[in-house]
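Asks: To start, I am sharing the structure in question, which I have written as structure tokens.
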Amino acid sequence: LMYVIGATRPAFLEEVRKIIPEHFLLVPGVGAQGGSLEEVAKFGMNEDIGLLVNSSRGIIFASEQEDFAEAARSKAKSISEKMRELIC
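The numbers in this note's numbering rise by one with no breaks, and the one at position 84 of the sequence shown is 145.
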């Protein structure tokens, strides 16, 4: 099973992880909604089971200009690199 736990309340994420340590967590809310990738990693990761972090609006609305595609790509790459740093 996978549970959905928002990134904007990391204390809840920590409590949920204690209750269900053996399940994957889908974590929306990083970026535009104000959730912190660092806090999601700190309170949600464990050694055995991972997280699926979602940042749709943070990427989709990276720019309202003609450079939308490049801005979205850049934002997605930045988030991916930050996740990699936190995992390794």
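Glycine is no exception: its CB is placed at the ideal position from the N, C-alpha and C atoms.
With distances taken from CA atoms, which of Leu74, Asp109, Glu131, Thr69 is nearest Val148?
Replies: Here residue 148 is taken as the residue at index 87 of the sequence shown, counted from 1. Residue 148 is actually Ile in this sequence, not Val. Per the Cα distances, Asp109.
Asks: Can you tell me the Cα-Cα spacing of Ile81 and Lys103, whole angstroms?
Replies: Position 20 of the sequence shown, counted from the start, is the residue given in the question as residue 81. Position 42 of the sequence shown, counted from the start, is the residue given in the question as residue 103. The alpha-carbon atoms of Ile81 and Lys103 are separated by roughly 16 Å.
Asks: Helix, strand or coil for Pro71 per DSSP?
Replies: Sequence index remark: in the sequence shown, residue 71 carries index 10 (1-based). DSSP places Pro71 in helix when its eight states are reduced to three.
Asks: Just to confirm before moving on: does the CB-CB distance between Ala133 and Gly96 stay below 8 Å?
Replies: Taking the first residue of the sequence shown as 1, we reach residue 133 at position 72. Taking the first residue of the sequence shown as 1, we reach residue 96 at position 35. No.
Asks: Measure how close the beta-carbons of Val77 and Val91 come, nearest whole angstrom, since I'm counting them as under 8 Å.
Replies: Position 16 of the sequence shown holds residue 77. Position 30 of the sequence shown holds residue 91. No, Val77 and Val91 are not in contact; Cβ-Cβ is about 16 Å, not under 8 Å.
Asks: Only counting runs of 4 or more residues, tell me where the alpha helix (DSSP H) segments fall wholly within the region 84-116, in order along the chain.
Replies: List check, alpha helix (DSSP H) in window: 98-105.
Asks: Buried or exposed: where does Val88 fall if 16 or more other Cβ atoms within 10 Å of its Cβ makes it buried?
Replies: Taking the sequence shown and counting its residues from 1, the one referred to as residue 88 is at position 27. By the neighbour-count rule (16 or more Cβ atoms within 10 Å), Val88 is buried.
Asks: Rounded to whole angstroms, how far is the Cβ of Leu74 from the Cβ of Gly119, which I believe are closer than 8 Å?
Replies: Here residue 74 is taken as the residue at index 13 of the sequence shown, counted from 1. Here residue 119 is taken as the residue at index 58 of the sequence shown, counted from 1. Going by Cβ atoms, the distance from Leu74 to Gly119 rounds to 18 Å, so no, they are not a contact pair.
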